[in-house]
Every structure is written in C-alpha cells, then in structure tokens.
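Protein chains: 2
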Amino acid sequence: MFNLYWADEGGLPAGDRGAAYGDGLFETIRMYGGRGVLISRHLDRMARDAGRLGIPITLMELRKACTAAVSRYARRYATKERDGSWVLKLTLTRGEGGRGYQPSAGIRPNLIVSASPMPAPPASSGVVADFSRVPLTVNPLLTGIKSLNRLEQVMAAREIEGELFEVIMADSTGNLVEGTRTNLLVKVLDGWVTPPVKSLAVAGILRQWLLERLRARGEPVVERAVSIGDVMGSDCRGLYLLNSVIGIVPVGRLAGQDLPVDNGLATIFNPLELLE
Amino acid sequence: MFNLYWADEGGLPAGDRGAAYGDGLFETIRMYGGRGVLISRHLDRMARDAGRLGIPITLMELRKACTAAVSRYARRYATKERDGSWVLKLTLTRGEGGRGYQPSAGIRPNLIVSASPMPAPPASSGVVADFSRVPLTVNPLLTGIKSLNRLEQVMAAREIEGELFEVIMADSTGNLVEGTRTNLLVKVLDGWVTPPVKSLAVAGILRQWLLERLRARGEPVVERAVSIGDVMGSDCRGLYLLNSVIGIVPVGRLAGQDLPVDNGLATIFNPLELLE
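Residue numbers (the numbering used here), protein chains in the order written: chain G, 11 to 286; chain W, 11 to 286.
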C-alpha cells in the first residue's frame with residue numbers, strides 16, 4: 011500500500027524522505043490519451059528499482075495509479091499540436107519517518123503523480139550538443155536507477171543555453187556516459203556502440219528497446235566505454251540522444267564540430283506503434 | 011528573497027526541485043533555547059555551498075529564519091532530559107520551476123524549517139560500528155556539500171541495526187571516507203589522521219572546528235586517505251565519529267574488533283561553550 015498525492019493538489023508532507031534525501035525514484039512517460047509509450051517497461055523498471063532500494067510497491071499498484079492518472083490528467087494536458095500526447099510523471103518515495111537517514115520499518119511509500127504538456131519536438135535535422143564540465147559519478151550499487159538524486163544532472167543542465175539542446179557528461183576517466191536526460195548511441199563503421207548498463211546513471215527505457223530492435227534486425231551493437239574520439243573522430247557515422255519522451259534525436263553539431271546526420275534511425279521509433 | 015515553509019504546517023509544493031531532484035542542501039543544528047552550537051559555521055556553510063550550487067540566499071536571510079524558528083520551536087522541542095536542547099533543521103531548495111533538470115532563471119528558493127527533540131547521547135564508553143557494504147561516490151564538483159542527494163547514506167543507514175551505532179563507508183579504492191552521518195578522526199601514535207576535505211561527501215562543522223582546536227593545541231593533524239589498516243592495525247590509538255549534533259563519539263568496537271577508547275577527546279568539545 012502507498013499514499014497517493016496528486017501534484018496539482020499540492021501539499022507534499024514536509025517530512026517526505028524524497029524531499030529530505032532524494033530517497034526515491036521516478037518515471038516520465040509519453041502518453042497518448044489513455045495509453046502510454048512502452049509504459050510496461052517504465053512500470054517494470056520502477057517496480058524493479060524500487061525493490062533494489064527496498065521500497066515496497068507492486069506493479070499492480072503502479073498500474074492502478076496510472077489508470078487514475080489518465081482519468082485525471084489526459085484531457086487536461088493533451089494538446090492538438092502534439093497529436094493528443096501528454097507526459098505522465100510518477101515519483102515514488104520511501105515515505106515519511108525514520109531517524110535521520112535510517113528509515114523506520116514498515117513505512118508506507120508516497121507516490122506523487124503529476125502531468126505536463128508534451129514538449130515541442132527537437133529539429134530532426136540534428137541538434138547542437140556540447141561536453142559538460144560537470145563530471146558524472148555513478149554509485150555501483152545504484153547504477154541505472156532513475157533515483158531522485160539528480161543534482162549532478164541539474165548542475166550540468168544549467169550549462170544548457172542558447173541553441174544547445176544537451177550536454178554530455180563523462181566519468182572520472184573521461185569516458186562519455188550520457189546526457190543530462192538522454193542516453194547515447196554512436197553509429198560507427200561496422201554497427202552501433204553505446205556505454206554499458208553498469209556505467210549508466212540512468213538505464214533508459216528507449217535505449218534498451220532500441221538495442222533490442224537493432225539486434226533483432228541483425229545490426230551489430232556493442233556495449234562498451236565510449237571515448238571522445240569515438241564521437242569526434244572520423245569513424246563516427248552519427249551520434250544519437252535517446253529519451254523515451256522526446257525520442258531519438260540526432261546530434262548535428264557537437265562541441266563546434268559538425269557530425270553526420272542520418273535520419274534512418276529516427277524512423278525505427280514510432281511512438282504510435284508502441285502504445286500500450 | 012526566499013519562500014519560507016514551516017515543516018509543522020506541512021504542504022511542500024509538489025513541484026519543489028528539492029523533492030524532484032534533491033536540488034538543494036540542508037543543515038542540522040544543535041540548539042539550547044535560543045542559541046545554537048557553532049551556528050555561525052553552519053549558516054556560513056549553507057550560504058557558501060548554496061552559492062556553489064547557484065542558489066541565491068544571504069547569510070542575513072538565514073539568520074532571520076533562525077530567529078523566527080527559535081520563537082516557533084524552542085519551547086516546543088526543548089526537553090529537560092537534554093538540558094533544554096533541541097535540533098533545528100534548515101532545508102534550502104532551488105525552488106519551483108524549470109524544464110526538467112534545467113532550472114528557470116530567477117526562481118525563488120524554498121527554505122523549509124523544521125525541528126526535533128535532541129536525541130539520546132551515545133555511550134561515552136564507545137559505540138559499536140562496522141564497515142558498510144555501500145560504496146561512497148563523491149562528485150568532484152560537489153565535494154563536502156550537505157546536499158539533498160543522500161541516497162547512498164540512506165542505503166548504508168539501512169544496515170544499522172541492533173547494537174550498531176554507525177557504518178563506515180569507503181570509496182571505490184577502499185579508503186575509508188566517512189560514516190553515514192559522521193566524519194572520521196583517527197588517533198595514531200604521533201597525532202591525528204582524517205580524510206581530506208576533497209574526498210568528503212559532507213565536510214562536517216564539528217570536524218573543521220576540532221581540527222582547528224587540535225592544531226591550536228599543537229597536536230599534529232594530517233589530512234590524508236585513511237585505509238582499513240589505519241583503524242584496524244596496531245598503530246590505531248582510537249577512532250572517533252564526529253557529528254555536530256551528537257558530538258565526538260569514540261568507537262569501542264569496529265567490525266568485531268575492540269578499539270582503544272580514550273575519553274580525553276570528548277572533553278575538548280563542550281557544546282555549552284560554543285553557543286552563539
């Protein structure tokens with residue numbers, strides 16, 4: 011069981027552990043009316059990663075909350091300009107209570123449900139990106155979890171201004187890991203390269219779906235560390251930013267250098283075919 | 011200017027960036043009636059680290075909030091058993107607004123002010139501690155900041171049960187860095203050793219004050235990496251956990267091994283002498 015909070019009613023409890031320590035996780039889901047793009051994968055990830063954090067929630071509970079959210083938000087946030095799409099956000103926290111960092115036993119999680127209009131799509135001809143000055147650190151115990159500890163991403167996102175669409179963060183050894191809100195996929199001469207799951211701050215839903223789809227088409231996909239040379243060197247045939255709400259976004263210019271843009275990849279992902 | 015929220019009135023805004031991303035920082039201060047232990051250092055740290063995060067707040071604003079907090083909370087939370095002491099907590103978030111991680115320009119911070127009774131003091135004969143299985147990762151840009159990104163500390167604190175008072179976290183190279191809520195100070199043959207500020211998740215107020223005091227007394231203090239051998243080997247003359255609310259806490263038993271306990275250090279820190 012959990013306590014449900016509608017974000018439009020306001021009033022989070024002041025003692026919520028999400029607000030105090032970032033003790034929780036979230037999902038952001040692209041919706042069309044009452045259906046969501048790859049929504050099963052989103053809810054599976056939330057239930058699984060909540061388990062890793064020791065926050066009790068079932069998939070059934072999350073599904074019921076989504077159904078209620080559709081009733082409440084779909085008409086209000088869907089817009090004609092975006093084909094009736096809108097964005098659903100679920101924030102699950104460990105709840106209230108405990109002695110400082112140490113949670114009490116048996117506390118009930120809080121689920122905060124909010125919605126927003128679908129943002130405008132980025133240019134399909136390629137966006138402008140740069141390297142972030144904020145290093146990315148990933149705790150080996152928390153890899154891939156879309157937790158509420160996102161201060162590094164906030165600090166990096168503060169660098170995004172003007173024509174910049176995204177900044178790319180590197181780990182302490184200089185390997186490129188991900189954007190503030192996107193995973194990376196690099197097209198190289200003989201296939202595709204992407205940083206491995208164990209290196210990721212957030213293991214994206216679109217990333218996983220796309221890797222499976224590419225492999226099903228027989229295209230070679232290698233999960234390995236990605237260096238600056240991999241994206242700025244002459245072997246690079248394209249760099250793509252992956253976000254399950256925004257989609258597959260080609261980078262046209264990175265740190266002042268033009269990159270090749272091939273829109274073939276964008277057509278693989280048709281959100282309307284992935285509604286559940 | 012900031013928006014003030016009294017925690018006992020509840021009702022954080024659902025869009026607060028502290029709750030969404032851990033985009034903020036906090037201070038916990040030991041109070042006696044209307045005065046606080048080392049409170050200037052606490053407020054200085056909050057104002058300085060808010061500046062590092064780009065959250066606008068002045069020392070004067072923090073001082074005024076503390077004065078109001080004393081009026082509201084001192085009588086309610088002070089107890090005779092703890093000599094009239096209580097605990098004041100200030101949580102400063104970047105506020106509400108922005109596109110995802112990216113904050114809007116000019117948003118007003120939220121300051122959430124809460125209080126709690128002073129916890130019972132730990133045994134002066136030495137507490138029981140262990141090594142945490144949760145590794146500590148510290149972003150080089152955010153070292154020392156008592157930010158709201160504390161999920162690692164929460165996960166480690168879940169290991170604290172039974173007679174355990176604290177668990178000690180190590181970095182990826184195995185060096186001991188800090189407890190979930192305490193800094194470390196090791197007494198060795200020829201003085202004192204403590205991990206350097208640049209390695210710390212939280213650069214504690216008591217730690218800094220104590221290092222200055224020891225140095226003023228002419229005692230050698232070295233800031234360097236601390237290995238397991240430094241605390242478990244025969245050169246170790248004592249391990250102390252430092253927390254500005256709890257005080258200086260000697261460890262009597264670490265990972266099943268007895269450690270020497272010398273209460274000389276505890277007498278250096280007299281909170282009643284450090285009221286401001």
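Where is the CB? At the ideal position from N, CA and C, for every residue including glycine.
| Asked | Found |
| --- | --- |
| What does DSSP give as the partner residues of Asp-26/W in its beta bridges? | Glu-106/W |
| Give a yes or no on contact between the segment 109 to 119 of chain G and the segment 157 to 164 of chain W, applying the rule of three or more CB pairs nearer than 8 Å. | yes |
| I'd like the ranges of any alpha helix (DSSP H) spanning at least 4 consecutive residues and lying wholly in the segment 134 to 185 of chain G. | 161 to 167 |
| Can you check whether the CB of Ala-88/W is closer than 9 Å to the CB of Gly-262/W? | no |
| For Leu-121/W versus Ile-67/W, is the C-beta spacing smaller than 9 Å? | yes |
| Would you give the residue range spanned by the alpha helix (DSSP H) that Val-241/W belongs to? | 238 to 242 |
| Going by alpha carbons, who is nearest to Arg-168/G out of Asp-33/W, Asn-280/W, Trp-16/W and Asn-149/W? | Asp-33/W |
| Quick one: residues in its chain with C-beta nearer than 7 Å to the C-beta of Arg-82/W, no 5 flanking neighbours on either side, listed in chain order? | Trp-16 |
| Any Cβ of chain G within less than 9 Å of the Cβ of Ile-122/W? | yes |
| Helix, strand or coil, according to DSSP, for Ser-50/G in the structure here? | helix |
| Out of Arg-86/W, Gly-214/W, Ala-265/W and Gly-116/W, state which residue places its alpha-carbon closest to the alpha-carbon of Ile-49/W. | Gly-214/W |
| Name the DSSP bridge partner or partners of Leu-35/G? | Leu-102/G and Ser-157/G |
| Using a Cβ cut-off of 9 Å, which residues of the segment 137 to 156 of chain G contact any Cβ in chain W, in chain order? | Arg-143, Val-144, Pro-145, Leu-146, Thr-147, Val-148, Asn-149, Pro-150, Leu-151, Leu-152 and Ile-155 |
| Does Met-165/G get closer than 9 Å to chain W when you measure Cβ to Cβ? | yes |
| Since Lys-90/W is in the alpha helix (DSSP H), which residue starts that stretch and which ends it? | Looking at the DSSP string, Lys-90/W is not in any alpha helix (DSSP H), and its letter there is neither H nor E. |
| Can you tell which of Gly-105/G, Leu-221/G and Val-47/G has the C-alpha that lies nearest to the C-alpha of Leu-14/G? | Gly-105/G |
| Take Tyr-31/W and list the residues in its own chain whose beta-carbon comes closer than 7 Å to its own, dropping the five residues that flank it on each side. | Tyr-111 |
| Note down, in chain order, every chain W residue with its Cβ under 8 Å from the Cβ of Arg-168/G. | Gly-64, Gln-112 and Pro-113 |
| Report the three-state DSSP secondary structure of Tyr-83/G (helix, strand or coil). | helix |
| Between the C-alpha atoms of Asp-181/G and Asn-149/W, what's the straight-line distance to the nearest angstrom? | 10 Å |
| In chain W, which residues lie less than 7 Å from Gly-161/G when you measure between Cβ atoms? | In the sequence as presented, Gly is not what sits at residue 161/G; that position holds Leu. Near Leu-161/G (Cβ distances below 7 Å), the residues of chain W are Tyr-31, Gly-32, Asp-33, Leu-152, Ser-157 and Asn-159. |
| Using a beta-carbon distance cut-off of less than 9 Å, what residues from the segment 15 to 26 of chain G approach chain W? | Tyr-15, Trp-16, Ala-17, Asp-18, Glu-19, Gly-20, Gly-21, Leu-22, Pro-23, Ala-24, Gly-25 and Asp-26 |
| Measure the beta-carbon distance from Leu-282/G to Gly-248/G and round it to whole angstroms, keeping in mind my assumption that it falls under 8 Å. | Between Gly-248/G and Leu-282/G the Cβ distance is about 24 Å, and since that is not below 8 Å, they are no contact. |
| Under the three-state reduction of DSSP, which class applies to Val-261/W: helix, strand or coil? | strand |
| How do the segment 192 to 199 of chain G and the segment 188 to 202 of chain W stand: do at least 3 beta-carbon pairs fall below 8 Å, yes or no? | no |
| Would you say Thr-183/W lies against chain G (beta-carbon separation less than 9 Å)? | no |
| Would Val-177/W and Val-203/W be called neighbours here (beta carbons separated by less than 9 Å)? | no |
| Within the continuous beta strand (DSSP E) that includes Gly-201/G, where are the two ends? | 201 to 204 |
| Quick check on Phe-12/W - is its C-beta less than 9 Å from some C-beta in chain G? | no |
| Using DSSP bridges, identify the partner residues of Met-41/G. | Gly-46/G and Trp-96/G |
| Is Phe-12/G near Glu-91/G, with beta carbons less than 9 Å apart? | no |
| Within 10 Å of its beta-carbon, does Ser-124/W have 16 or more other beta-carbons around it, so buried, or fewer, so exposed? | buried |
| For a contact meaning CB atoms closer than 9 Å, what does Thr-190/W contact in chain G? | Gly-110, Tyr-111 and Gln-112 |
| I need the DSSP call for Ser-209/W, collapsed to helix, strand or coil. | helix |
| If the cut is a Cβ gap below 8 Å, which residues of chain W does Gly-214/G touch? | What Gly-214/G touches in chain W: nothing, since even the nearest Cβ is about 14 Å away. |
| Do Gly-46/W and Arg-55/W have their C-beta atoms within less than 9 Å of each other? | no |
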